[in-house]
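Residue numbers (this note's numbering): 4 to 341. Below is one structure, written out as structure tokens; the observations come after it.
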Ligand code: BYC
């Protein structure tokens, strides 16, 4: 193909990184350069060239992740007023507040890709965006709150540590801080359960009951089996994902079963250590249940969205006041400069 464009591929990529508009003819070179940067483990930054599919999939995943953090505040937040001691109440308040912070980092990181937070929240409330299935299960007693810390935060860390090396810079950097906090969350949950296991027979039964109800749904947090995961292969090529859903699920099971045994809960009979692979076999999950919950059929699904709608409405005056204050500040800054 003859062309009057005398720029090299490197120059075109450099211009694209600086935001210079590109012609359709440059797309192949830009995509090759983009993939080469990913293969070399470089971070992609907001103003860099990126294929539309990469941008779209990141907005999808990061917003789903942000929604999970925000919706995830609900099953624990409703126990703040019922925490058994002042110490547990203080820890729980701090944890729930951390989840709000995680949502904020993630919405902010997603906004660097060009979709506003208002739009992302609109998609959640309209049922167009997903959030993790785990938060559609109810917290029926205090032990469930502790088990969320141990299992749900534990599963989240397993999934999110590789995301600290995700190819998109703002997502990867947000994950570093999130993972540090999740690690504290996981430990406080496990420690609270250890205390309960030193308590009465009724407390021990509560812990066992929570474990039985939350263990399998926590394994579903890693997504469908690899054979049925629509996005995995492309996401791994783009290094958004570093490990497959099944690999991470296995890693979580291998770490969790010895913890369950130390805690003193009975693990399901189907879970056995495989001497050949040195991993725990755990059989097939109930993928029909997973699909039903993904499609909005979870026990708490409508409560969760109603609670988020109410929070948005209740917060209107705060956003209005903050905007009015920011406007006044701007006027004052301009007046002072004149
Ligand atoms: N729930 O092709 P796949 C927390 C969807 S919160 C709902 O494997 P992908 C915490 C998936 O989105 C942190 N939907 O997808 C907060 C896709 O649907 P669409 C939660 C699920 O993206 C408070 C379809 O199924 N962590 O830590 O390659 C208190 C096909 O799946 C689920 C994150 O959000 C699910 N479980 O991989 C305590 C981690 N699984 O979009 C703790 C970030 C799958 O095509 N996200 N789907 O309609 C990820 O790492 C990935 O998005 C996933 C799925 C591993 C979840």
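Ideal placement from N, C-alpha and C gives every residue a C-beta, glycine not left out.
Beta carbon of residue i nearer than 7 Å to that of residue j
{"i": "residue 191", "j": "residue 94", "result": "yes"}
{"i": "residue 84", "j": "residue 138", "result": "no"}
{"i": "residue 155", "j": "residue 167", "result": "no"}
{"i": "residue 302", "j": "residue 141", "result": "yes"}
{"i": "residue 41", "j": "residue 242", "result": "yes"}
{"i": "residue 109", "j": "residue 177", "result": "yes"}
{"i": "residue 213", "j": "residue 305", "result": "no"}
{"i": "residue 271", "j": "residue 249", "result": "no"}
{"i": "residue 234", "j": "residue 98", "result": "no"}
{"i": "residue 70", "j": "residue 171", "result": "no"}
Neighbourhood of residue i by C-beta distance below 6 Å, restricted to the same chain and skipping five residues each side
{"i": "residue 161", "result": "251, 254 and 255"}
{"i": "residue 105", "result": "72 and 181"}
{"i": "residue 295", "result": "none"}
{"i": "residue 338", "result": "none"}
{"i": "residue 277", "result": "284"}
{"i": "residue 193", "result": "153"}
{"i": "residue 298", "result": "none"}
{"i": "residue 195", "result": "149"}
{"i": "residue 68", "result": "109"}
Contacting residues, own chain, Cβ-Cβ under 8 Å from residue i (five flanking each side not counted)
{"i": "residue 237", "result": "56 and 60"}
CA-to-CA distance, residue j to residue i, given in whole angstroms
{"i": "residue 184", "j": "residue 29", "result": "43 Å"}
{"i": "residue 332", "j": "residue 114", "result": "24 Å"}
{"i": "residue 210", "j": "residue 126", "result": "36 Å"}
{"i": "residue 226", "j": "residue 31", "result": "32 Å"}
{"i": "residue 51", "j": "residue 91", "result": "45 Å"}
{"i": "residue 48", "j": "residue 175", "result": "11 Å"}
{"i": "residue 287", "j": "residue 221", "result": "14 Å"}
{"i": "residue 150", "j": "residue 260", "result": "14 Å"}
{"i": "residue 89", "j": "residue 96", "result": "10 Å"}
{"i": "residue 120", "j": "residue 173", "result": "15 Å"}
{"i": "residue 262", "j": "residue 148", "result": "17 Å"}
{"i": "residue 132", "j": "residue 122", "result": "11 Å"}
{"i": "residue 217", "j": "residue 292", "result": "13 Å"}
{"i": "residue 117", "j": "residue 203", "result": "54 Å"}
{"i": "residue 257", "j": "residue 281", "result": "9 Å"}
{"i": "residue 300", "j": "residue 201", "result": "37 Å"}
{"i": "residue 274", "j": "residue 315", "result": "43 Å"}
{"i": "residue 246", "j": "residue 169", "result": "11 Å"}
Outcome for residue i when other beta-carbon atoms lying within 10 angstroms are tallied against a minimum of 16
{"i": "residue 324", "result": "exposed"}
{"i": "residue 319", "result": "exposed"}
{"i": "residue 158", "result": "buried"}
{"i": "residue 101", "result": "buried"}
{"i": "residue 79", "result": "buried"}
{"i": "residue 290", "result": "exposed"}
{"i": "residue 321", "result": "exposed"}
Nonlocal neighbours in the same chain, by C-beta distance under 7 Å from residue i, ignoring five residues either side
{"i": "residue 307", "result": "74, 77, 138 and 139"}
{"i": "residue 144", "result": "209"}
{"i": "residue 54", "result": "34 and 37"}
Length-filtered (4 minimum) alpha helix (DSSP H) runs lying within the segment 143 to 175: 145 to 150 and 156 to 166
Kindly provide the ranges of any beta strand (DSSP E) runs that are 3 or more residues long and lie completely inside the segment 65 to 143, ordered along the chain. none
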